[in-house]
Amino acid sequence: MTKAASPTRTQTRAPEETRREILDAAVAEFSEKGLAGARVDDIAARTRTTKRMIYYYFSSKENLYAEVLERLYGGMRDAEQDLHFDDLHPIEALKKIIEVTFDHHAAHPEFVRLVSTENINEARIVSASPTIRARNATIIGILKRILERGMRDGSFRRGLDPLDVHLLISSFCFYRVSNRYTIRAIFGRDLQTPKVATSHRRMICEAVLRYVSP
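The C-terminal position of the sequence shown is numbered 251 in our numbering, with every residue numbered one higher than the one before it.
Rendered as structure tokens:
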């Protein structure tokens with residue numbers, strides 16, 4: 038699609054500010070309705086910009102959706118990058134990764150909803166994004182270094198696979214957010230209460246550390 042000229046009422050705004058506002062609105066719209074159900078008109082209505090400006094910056098709804106996914110995956114990875122895991126004892130470093138993963142999922146249900154939708158759609162958009170693959174490779178590298186240090190000093194058992202450990206951590210952190218409504222409806226337990234969240238945070242730390250222990 039040919040890029041449209043930017044409307045007068047948005048000309049004085051910085052491009053990055055406009056993009057950020059559009060992405061914020063798109064996160065909300067896509068997480069509520071998915072790619073198929075979301076409408077660019079409704080995304081524009083959540084912003085101070087226009088439908089034309091959205092197409093000016095992102096070309097298509099699919100490109101906008103891809104950038105939303107890249108942003109949300111990137112937020113998870115950014116949270117990990119700032120913690121200097123190599124300076125921590127392997128056990129403490131692994132525990133910190135678990136806690137950061139747990140907290141990020143709990144704080145960003147929109148991320149969980151969108152990833153759930155992508156899996157229903159067989160990762161059609163994620164598969165086409167080198168950015169998402171590259172960003173997510175970093176956590177495997179971090180875990181690999183932590184596990185190797187722990188295996189060398191005897192903190193962890195031999196033969197650990199960083200992807201397996203990542204899946205063990207992420208699966209519980211993801212599930213308790215993605216399935217919180219059905220768990221409450223079926224079992225009567227609200228997973229969002231502070232007491233339950235604190236217990237689950239401790240539980241996943243203990244489970245993973247026992248799994249990797251010698």
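A virtual CB, placed ideally from N, CA and C, is assigned to each residue, including glycine.
Keep in mind it's a predicted model, so treat the numbers as computed, not measured.
Closest to residue i by CA distance: which of the options is it?
{"i": "residue 214", "options": "203, 227 and 202", "result": "227"}
{"i": "residue 229", "options": "111, 79, 66 and 140", "result": "140"}
{"i": "residue 238", "options": "87, 177 and 134", "result": "134"}
{"i": "residue 120", "options": "106, 107 and 138", "result": "138"}
{"i": "residue 83", "options": "59, 105 and 212", "result": "59"}
{"i": "residue 61", "options": "145, 157 and 116", "result": "145"}
{"i": "residue 113", "options": "172, 63 and 56", "result": "172"}
{"i": "residue 216", "options": "142, 89 and 174", "result": "142"}
{"i": "residue 202", "options": "181, 188, 91 and 192", "result": "181"}
{"i": "residue 174", "options": "153, 118 and 160", "result": "118"}
{"i": "residue 91", "options": "52, 123 and 231", "result": "52"}
Taking 7 angstroms as the cut-off, decide whether the C-beta atoms of residue i and residue j are in contact.
{"i": "residue 179", "j": "residue 110", "result": "no"}
{"i": "residue 183", "j": "residue 130", "result": "yes"}
{"i": "residue 102", "j": "residue 125", "result": "no"}
{"i": "residue 66", "j": "residue 79", "result": "yes"}
{"i": "residue 249", "j": "residue 197", "result": "yes"}
{"i": "residue 149", "j": "residue 224", "result": "no"}
{"i": "residue 207", "j": "residue 151", "result": "no"}
Looking only at its chain, what residues have a beta carbon closer than 6 angstroms to the beta carbon of residue i, apart from the 5 residues adjacent to it on each side?
{"i": "residue 186", "result": "127"}
{"i": "residue 85", "result": "none"}
{"i": "residue 194", "result": "251"}
{"i": "residue 94", "result": "56"}
{"i": "residue 75", "result": "66 and 67"}
Once the 5 residues before and after residue i are set aside, which same chain residues still bring their CB inside 7 angstroms of it?
{"i": "residue 209", "result": "241"}
{"i": "residue 200", "result": "177"}
{"i": "residue 54", "result": "none"}
Note down, in chain order, each residue of its chain lying with its Cβ closer than 8 angstroms to the Cβ of residue i, except the 5 sequence neighbours on either side.
{"i": "residue 136", "result": "238 and 242"}
{"i": "residue 233", "result": "226 and 227"}
{"i": "residue 166", "result": "103, 106 and 107"}
{"i": "residue 244", "result": "205 and 209"}
Can you give the beta carbon distance from residue i to residue j, rounded, assuming they're within the 8 angstroms contact cut?
{"i": "residue 132", "j": "residue 246", "result": "7 angstroms"}
{"i": "residue 157", "j": "residue 106", "result": "At roughly 14 angstroms, the Cβ-Cβ gap does not stay under 8 angstroms, so residue 157 and residue 106 are not in contact."}
{"i": "residue 147", "j": "residue 64", "result": "6 angstroms"}
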